[in-house]
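In the working numbering, the protein residues as written are 1 to 432. Quick notes on the structure that follows.
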C-alpha cells in the first residue's frame, strides 16, 4: 500500500510583499504627528510608514518596556513591596508624572505594574527598578537586554521612566515590535488592554489611589473617546518628544499596533487638543482600516499546500500542510476570485528529508501581481530506507543482467549463425 506522511509548517512567511498597502485612504500629511507607523501584527504587514524609522524620544511610552522587563524579573505578582522615600523624592523636582505612592506604603508588584502603566507613575517605575535590581541603572541594563532580544535595533534606554535624556531614544517601528512581543505575555496583555479601554480603572489594595488608563484619562480630561477597536494605549509627553502614543487595536480579527511620535496640537493652526492630538490620529488611522478594508484568508489551518514524491524514503510521499491560518488586510473591494497560487521547486525529493530543509517558494498573486511570497521548509523528517534502496539496486542489477544476457545471447546467436553459414558454404563447395 502506498504510504504518506503529513508535514506541518516549520517556518512560513519569510518575505512578504503587498498587492495594495493599506495606506491609500489616509493622507499622512494631515496627521498631527510628525512620525507614524501602523503595523498588522497578525499578518506582518506594514500598513503605514511616515518616517517611522526616524529616531524619536519615547517619553512615557518607555513604560511599556519597563512593565515588560519587570514582569520577566518578578517571581510573584502578589509579593509585597514597601515604598521608600528614594522612590518618591525626585518626582516633583523632575516634573515627573506620579502614581501618588506614599512613603512606607505597602503595595504588590501587580499594583506597581498598573501604577507604571495607568497613571504613568515615575514613582512606580523607580520602586520596580529598586526592588527588582537594586537600582534604576541596573534595571535599565535589563531593559536594553530585552530590547536587543526583541530586535529593537534603533533603541537605547537610559531611564525606566522616559524622562528627558539625549541618549534615550527609539523609533515608531521599534515600539511596534515591543508591543507585538509584549502582547504575547498574558500578564502584560492584561495590564495594557481592557474590554472597555476608555473606561478602565485600577485601585491598589490598601491604598486610596484610583488610577485611570491612558484612554480613560483622555476621555475625562481631553474629552476625546478612543475608537472602540482600540484595546489599550500608552501615551507620553516631554518638551522634546511632544505628544506620542502607542496603541493596540483589533480590526477585522487582526491585531494592529499603531505608534505615533511628535504630535503637535498646533500642526494645523490654533491648538484644539493637547495630549489627545495623538489619539485623534490613532482614531483616524483605525477608522480607516475599519471602514475601508477587510480580512482576506490566503491559507487556512490544515490546508494542503503540496505533496512531494519521496525517493528511497520510509514513506512514498510527503504532504505539506499549514499549521496556522494566514490572513492579510486588503481593500474592501478586492476580488477574492482573482487569487492564484504557484509553487517553484522540485516535486520529487530524495531521502533523507531533514526537518527544516527548504522545499521551495510559494507565491500568492492576483492579476499578475505578487500578493505574498513564502519560502517553505519541511516540518518533519523522512528517513532513508535501506530496504527500498537494496530492492532498487537489486532490480537495477537484475535488469542489467537481463539486458546483458539478451545482448550476449543475440551476439552468440549471430556468431553461431555466421559459423553455420560459413560451414554450409564450405560443404557446398566440396559437393561442387
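Note that CB positions come from ideal geometry on N, CA and C, so glycine has one too. Treat the numbers as computed from the prediction; the structure is a model and nothing was measured.
Cα-Cα separation, residue i to residue j
{"i": "residue 203", "j": "residue 211", "result": "6 Å"}
{"i": "residue 169", "j": "residue 273", "result": "25 Å"}
{"i": "residue 285", "j": "residue 331", "result": "14 Å"}
{"i": "residue 58", "j": "residue 290", "result": "27 Å"}
{"i": "residue 200", "j": "residue 292", "result": "29 Å"}
{"i": "residue 317", "j": "residue 182", "result": "40 Å"}
{"i": "residue 279", "j": "residue 109", "result": "29 Å"}
{"i": "residue 223", "j": "residue 207", "result": "28 Å"}
{"i": "residue 245", "j": "residue 345", "result": "45 Å"}
{"i": "residue 85", "j": "residue 104", "result": "8 Å"}
{"i": "residue 271", "j": "residue 264", "result": "9 Å"}
{"i": "residue 422", "j": "residue 392", "result": "44 Å"}
{"i": "residue 138", "j": "residue 374", "result": "41 Å"}
{"i": "residue 409", "j": "residue 311", "result": "34 Å"}
{"i": "residue 372", "j": "residue 173", "result": "21 Å"}
{"i": "residue 195", "j": "residue 343", "result": "42 Å"}
{"i": "residue 262", "j": "residue 63", "result": "17 Å"}
{"i": "residue 52", "j": "residue 367", "result": "30 Å"}
{"i": "residue 394", "j": "residue 418", "result": "36 Å"}
{"i": "residue 363", "j": "residue 370", "result": "7 Å"}
Residue nearest to residue i in terms of C-alpha spacing, selected from the options
{"i": "residue 250", "options": "40, 299, 136", "result": "40"}
{"i": "residue 129", "options": "121, 120, 140, 108", "result": "140"}
{"i": "residue 121", "options": "100, 246, 106, 378", "result": "100"}
{"i": "residue 259", "options": "265, 238, 281, 268", "result": "281"}
{"i": "residue 65", "options": "306, 159, 262", "result": "159"}
{"i": "residue 354", "options": "364, 320, 395, 383", "result": "383"}
{"i": "residue 157", "options": "143, 364, 151", "result": "143"}
{"i": "residue 389", "options": "363, 323, 315", "result": "315"}
{"i": "residue 299", "options": "306, 277, 254, 325", "result": "325"}
{"i": "residue 193", "options": "230, 125, 226", "result": "230"}
{"i": "residue 209", "options": "34, 404, 115", "result": "115"}
{"i": "residue 365", "options": "335, 359, 376", "result": "335"}
{"i": "residue 228", "options": "406, 428, 252", "result": "252"}
{"i": "residue 184", "options": "72, 428, 92, 164", "result": "72"}
CB of residue i within 8 Å of CB of residue j, strictly
{"i": "residue 161", "j": "residue 96", "result": "yes"}
{"i": "residue 341", "j": "residue 308", "result": "no"}
{"i": "residue 357", "j": "residue 380", "result": "no"}
{"i": "residue 295", "j": "residue 351", "result": "no"}
{"i": "residue 248", "j": "residue 179", "result": "yes"}
{"i": "residue 198", "j": "residue 215", "result": "yes"}
{"i": "residue 236", "j": "residue 61", "result": "yes"}
{"i": "residue 304", "j": "residue 321", "result": "yes"}
{"i": "residue 87", "j": "residue 123", "result": "yes"}
{"i": "residue 106", "j": "residue 89", "result": "no"}
{"i": "residue 176", "j": "residue 226", "result": "no"}
{"i": "residue 167", "j": "residue 155", "result": "no"}
{"i": "residue 70", "j": "residue 132", "result": "yes"}
{"i": "residue 35", "j": "residue 56", "result": "yes"}
{"i": "residue 333", "j": "residue 301", "result": "no"}
{"i": "residue 329", "j": "residue 45", "result": "yes"}
Where residue i sits in the DSSP three-state scheme
{"i": "residue 140", "result": "helix"}
{"i": "residue 56", "result": "strand"}
{"i": "residue 252", "result": "coil"}
{"i": "residue 37", "result": "strand"}
{"i": "residue 353", "result": "strand"}
{"i": "residue 292", "result": "helix"}
{"i": "residue 384", "result": "strand"}
{"i": "residue 369", "result": "strand"}
{"i": "residue 183", "result": "coil"}
{"i": "residue 174", "result": "helix"}
{"i": "residue 131", "result": "helix"}
{"i": "residue 66", "result": "helix"}
{"i": "residue 519", "result": "This structure leaves residue 519 out entirely; the chain is present only between 1 and 432."}
{"i": "residue 152", "result": "coil"}
{"i": "residue 225", "result": "coil"}
Counted within 10 angstroms of its Cβ, other Cβ atoms place residue i as buried (16 or more) or exposed
{"i": "residue 146", "result": "buried"}
{"i": "residue 397", "result": "exposed"}
{"i": "residue 414", "result": "exposed"}
{"i": "residue 42", "result": "buried"}
{"i": "residue 119", "result": "buried"}
{"i": "residue 337", "result": "exposed"}
{"i": "residue 221", "result": "exposed"}
{"i": "residue 68", "result": "buried"}
{"i": "residue 188", "result": "buried"}
{"i": "residue 12", "result": "The pLDDT assigned to residue 12 is 35, lower than 50, so where the model puts this residue is not dependable; a value taken from the coordinates is nonetheless given after this. Buried, by the Cβ-count rule."}
{"i": "residue 24", "result": "With a pLDDT of 45 at residue 24, under the threshold of 50, the modelled position of this residue cannot be trusted; read the value that follows with caution. Exposed, by the Cβ-count rule."}
{"i": "residue 27", "result": "exposed"}
{"i": "residue 387", "result": "exposed"}
{"i": "residue 283", "result": "buried"}
{"i": "residue 125", "result": "buried"}
Heavy atom of the ligand ATP within 7 Å of residue i beta-carbon
{"i": "residue 409", "result": "In the structure shown, the ligand ATP is absent, as is every other ligand, since no ligand is present at all."}
Any chain D beta carbon closer than 8 Å to residue i
{"i": "residue 160", "result": "No chain D appears in this structure, which consists of one protein chain only."}
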